[in-house]
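When the letters of the sequence shown are read in order and numbered with our numbering, they come out as residues 266 to 338. First up is the structure itself, then whatever we jot down about it.
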Amino acid sequence: MKRPSKSCAICEMGVRVVDFKDERTLARFTSERGKILPARLTGTCARHQRQITRAIKRARQAALIPYIRGYVR
């Protein structure tokens, strides 16, 4: 069975480059545990999926978003 193709949300917004400082946009592409969601679930194109992945990793390094959400010691 073929799934209906999703359109890329980043392309629809008209964004050329995904910025790592935009936490609200990056939160849409992470799971509730903080993992990066795959393109088959989000519907993003390959170009923007690479940009999203790079931006999430940079935001984690800069401590703008957590590596793991809901982690309690």
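Backbone N, C-alpha and C fix where the C-beta goes; we use that ideal spot for every residue, glycine too.
Starting from residue i, follow its DSSP beta bridges and name the residues at the other end.
i, result
"I275", "For I275, which the question treats as bridged, DSSP gives no partner whatsoever."
"I330", "Answer by DSSP bridge pairing: none, since I330 is not bridged."
Which term fits residue i, buried or exposed, when burial requires 16 or more other beta carbons within 10 angstroms of its beta carbon?
i, result
"L291", "buried"
"G335", "exposed"
"A327", "exposed"
Report yes if the CB atom of residue i is closer than 9 Å to the CB atom of residue j, and no otherwise.
i, j, result
"C310", "I275", "yes"
"A241", "Q314", "The structure shown has nothing for residue 241, since the chain only spans 266 to 338."
Using a Cβ-Cβ cutoff of less than 6 Å, which residues in the same chain neighbour residue i once the five nearest sequence positions on both sides are dropped?
i, result
"G308", "K271"
Can you find at least 3 beta carbon pairs, one from the stretch 277-284 and one from the stretch 296-304, that sit closer than 8 Å? No: fewer than three Cβ pairs fall under 8 Å.
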